[in-house]
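The sequence shown begins at 8 in this note's numbering and counts up by one.
Using N, Cα and C, we set each Cβ at its ideal position, and we do this for glycine too.
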Amino acid sequence: MKIGYCFMKDWLVTRPGLVRLVDELGYDGIEIWSQAFDAVGLDGVRRIVSGLRCEVASINPYFDFTSSRESFERSLEIAYTYVGYAEALGCTRIRVWASARGAFASGDEAEPEHWEAAVRGIQAVCDMAAPAGIACVLEVHYGDGQLFDTSENALRMLRRVARPNCTLNLQPPLRGEDPLESATRLGPYVTHLHAHNWKGGWGNFTFLGEGDVDFEAFLRILRSYGFDGYISLEHTSRDPEGIARHEIAYLRSLIAKLEAG
């Protein structure tokens, strides 16, 4: 298993000290959001990461296959661009959304035509990415208006997309589910994690080992299915540097424990 750090929004560009710290602490990889590419382009991003020891674990564009024909076509253009970015950066994962932020209150309210459009769009992205050995990881979580906001909806999407390079980036909590339940149902398909913990509800973030979720039990379940991907820290804005220092020590210890059996 590997340890990653999410550089949300344009952090890769605007927080150079944090970039250096994460690299010096020995993180295996970083995730880069689309806003960094919007700010400085591929060449600018490449200059920033060229001196790092860590790899680019994932790049995270936004797609909207469900709003309109125009948004569908624009999303395919974005996908083509980001597959090129991934190849240029030696990155083997692209984060995939299917809809605009807040498009649906839940995946269950989407109409059949929304599902059809999402399936066709994700299939197209997977087919673009496959020749370069790039996985398309569906970001599975609740609250941003995506179709795959429950285990059942995520499995439904995987079955319908039916592409070997389509996998899951699990980010609990899913709608109406305990994280351990989500790990049990989705474990065989999870290749990447956006790691969080909280006290008293989503958004009240705390350290991974100190929240309402038994993070060790959660990761142990995924490990039982062969999970060997990235555990990537997200939503660290309350103390980016302090969290980077604290969590790498915690995760190194936990990974060593789980990998030792």
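{"Item": "Report the rounded CA-to-CA distance for residue 225 versus residue 190, giving the unit in angstroms.", "Value": "6 Å"}
{"Item": "Which same chain residues, not among the five before or five after residue 32, have their C-beta less than 8 Å away from its C-beta?", "Value": "251, 252 and 255"}
{"Item": "Are the beta-carbon atoms belonging to residue 106 and residue 157 less than 7 Å from one another?", "Value": "no"}
{"Item": "Where do the N-terminal and C-terminal ends of the beta strand (DSSP E) with residue 200 fall, by residue?", "Value": "197 to 202"}
{"Item": "Taking residue 202 as the reference, which of 122, 94, 43 and 223 has the closest Cα?", "Value": "223"}
{"Item": "Please report the distance separating the alpha-carbon of residue 274 from that of residue 37.", "Value": "Examination of residue 274 is not possible in this model, given that the chain is present from 8 through 268 alone."}
{"Item": "Compute the Euclidean distance between the alpha carbons of residue 163 and residue 236, then round it to the nearest angstrom.", "Value": "22 Å"}
{"Item": "Using DSSP's beta-bridge definition, name the partner residues of residue 145.", "Value": "103 and 175"}
{"Item": "Do the stretch 83 to 99 and the stretch 148 to 155 make contact, defined as three or more Cβ pairs closer than 8 Å?", "Value": "no"}
{"Item": "May I have the straight-line CA-CA distance separating residue 59 from residue 27, to the nearest angstrom?", "Value": "8 Å"}
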